[in-house]
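For reference, the structure is listed below as C-alpha cells.
Protein chains in written order, with the working numbering: chain A, -6 to 104; chain B, -16 to 100.
Written out as C-alpha cells, the structure reads:
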C-alpha cells in the first residue's frame, strides 16, 4: 500500500546549528502533510503543516518544504535547541483526516 | 489549544484480562477519533477510526473483536483490549478531530503504555 518514509533514523546536531529532517512519500495524490514532534512517552505534538498547492511554509524557527516532483518533504529547524530533541514524524493526510505516519527521525541535540 | 485526555497513562495487567483505555476531548466535540498503536522505536500505526454513534472502521489486519471501540458521545471514545496477551503490549495513542477539519484540528492524547505480563 501507500507509505510515507524517512531517510535518516537519527540526526545529531550541535546546539545552535540548523537541523534538516527529510521525508519521502509515495502517494502522489496526497495533498496535505504534517510534521509532528514526539517526546518520549508522550503523544505527537503538531509542529507545522503544508498543503500541496504550496512548496514552502514557515513557522516559528521551523520551515517545511515540499517538493511534489520528487515527492519529498523536509522540516528545517533553525538554531536547534536541546528542547528540540525528540522523534519527528511526517504524516500524510489521507481523506477524512486519517493520518499515515512516516517511520520517524530521532533528533539529538548536543551542547 | 484543545486538550485530549487519555487515561490511564500506563497499565500493567495479567495475560487474559481485558483493559479499557479512555480518550476524552475536554473542551471540544469530536465526531471522529482515531486509535493508534506504537511499538518501541517505531512509528504510529493506525488501528481504527471511531465515529460517534456508529461502528468503528478498522484497518486491515486489526481484529475488531480483539480491540473493541466504543464512541458513545462526542467527547469520549474507549478502546478495550480484550483477553490481552504479551504481544498486545504497546503504546496506544488516540487522536480527536475537532469540528472544522484540517490536520491541525487533530489533537493527540498523551498515550497509554500497556504492559501485559
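All C-beta atoms, glycine included, are put in the ideal place defined by N, C-alpha and C.
Beta-carbon of residue 44(B) versus every beta-carbon of chain A: anything under 8 angstroms? For the purposes of this step, residue 44(B) is taken as the residue at position 61 of the second chain. The beta carbon of residue 44(B) sits no closer than 8 angstroms to any beta carbon of chain A.
Reducing DSSP to helix, strand and coil, say where residue 70(B) ends up. Along the second chain, one-based indexing puts residue 70(B) at 87. Looking at residue 70(B) - three-state DSSP - the assignment turns out to be helix.
Helix, strand or coil at residue 42(A) according to DSSP, with G and I counted as helix: Within the first chain, the letter at position 49 stands for residue 42(A). Note: residue 42(A) maps to strand in three-state DSSP.
Given this structure, state the Cα-to-Cα distance separating residue 4(B) from residue 42(A), to the nearest angstrom. Counting from one through the second chain, the residue named residue 4(B) turns up at place 21. Counting from one through the first chain, the residue named residue 42(A) turns up at place 49. Taking the straight line from one Cα to the other gives about 29 angstroms.
Whole-angstrom distance between residue 16(B) and residue 40(B), CA atom to CA atom: As a working mapping, residue 40(B) is identified with position 57 in the second chain. As a working mapping, residue 16(B) is identified with position 33 in the second chain. The straight-line gap from Cα to Cα measures roughly 11 angstroms.
In or out: residue 54(B) buried (at least 16 other Cβ within 10 Å) or exposed? The residue labelled residue 54(B) in the question sits at position 71 within the second chain. Here residue 54(B) is buried. Its C-beta has 16 or more other C-beta atoms within 10 Å.
Nearest-angstrom Cα separation, counted from residue 24(A) out to residue 39(A): In the first chain, residue 39(A) corresponds to position 46, counting from 1. In the first chain, residue 24(A) corresponds to position 31, counting from 1. If you take the alpha carbons of residue 39(A) and residue 24(A), they lie about 17 angstroms apart.
Report yes or no: do the stretch 91 to 100 of chain B and the stretch -12 to -2 of chain B share at least 3 C-beta pairs separated by less than 8 angstroms? Touching, per the Cβ criterion.
Would a check of beta-carbon distances place residue 94(B) closer than 8 angstroms to chain A? Taking the second chain and counting its residues from 1, one reaches residue 94(B) at position 111. With 8 angstroms as the cut-off, residue 94(B) counts as an interface residue toward chain A.
Do the stretch 10 to 17 of chain A and the stretch 70 to 90 of chain A meet, that is, are 3 or more Cβ pairs less than 8 angstroms apart? Enough Cβ pairs lie closer than 8 angstroms, so yes.
Compile a chain-ordered list of the residues in the stretch 19 to 40 of chain A whose CB is closer than 9 angstroms to at least one CB of chain B. Answer set for the stretch 19 to 40 of chain A: 25, 26, 27, 29, 31, 34, 35, 36, 37, 38 and 39.
Let me make sure I understand the geometry here. Which of 69(A), 56(A), 48(A) and 75(A) has the alpha-carbon closest to that of residue 63(A)? Locating residue 63(A) in the first chain gives position 70, counting from the first residue. Of 69(A), 56(A), 48(A) and 75(A), the smallest CA-CA separation from residue 63(A) is found for 48(A).
Classification of residue 97(A) by the beta-carbon crowding that lies within 10 angstroms, buried from 16 upward: Reading the first chain from its first residue, position 104 is the one you call residue 97(A). Its Cβ being crowded by 16 or more others within 10 Å, residue 97(A) is buried.
What would DSSP say about residue 35(A), mapped onto helix, strand or coil? Here residue 35(A) refers to the residue found at position 42 of the first chain. Residue 35(A) falls in the coil class under three-state DSSP.
Residues of chain A with a CB under 8 angstroms from the CB of residue 76(B): which are they? Here residue 76(B) refers to the residue found at position 93 when the second chain is read from its first residue. For the C-beta of residue 76(B), the chain A residues within less than 8 angstroms are, from N- to C-terminus, 36 and 37.
Less than 8 angstroms between the C-beta atoms of residue 67(A) and residue 13(A), yes or no? Stepping through the first chain from its first residue, residue 67(A) is reached at position 74. Stepping through the first chain from its first residue, residue 13(A) is reached at position 20. Yes.
Might you give, ordered along the chain, the residues of its own chain that have their beta carbon closer than 6 angstroms to the beta carbon of residue 69(A), omitting 5 neighbours on each side? Working through the first chain from its first residue, we reach residue 69(A) at position 76. Around residue 69(A), the same chain offers 13 and 56 as residues with beta carbons nearer than 6 angstroms, after the five sequence neighbours per side are excluded.
Which residue comes first and which comes last in the beta strand (DSSP E) that contains residue 103(B)? Summary: the structure shown does not reach residue 103(B), with chain B confined to residues -16 through 100, and so no result is reported for it.
In angstroms, rounded to a whole number, what distance separates the CA positions of residue 76(B) and residue 37(B)? Here the question's residue 76(B) lines up with position 93 in the second chain. Here the question's residue 37(B) lines up with position 54 in the second chain. One C-alpha to the other measures close to 20 angstroms.
According to DSSP, residue 61(B) sits in a beta bridge with which residue or residues? Counted from its first residue, the second chain places residue 61(B) at position 78. Beta-bridge pairing links residue 61(B) to 5(B) and 53(B).
How should residue 22(B) be labelled, buried or exposed, when 16 other C-beta atoms within 10 angstroms of its C-beta is the threshold for buried? Residue mapping note: residue 22(B) aligns to position 39 of the second chain, counting from 1. Answer is exposed; the Cβ neighbour count stays below 16.
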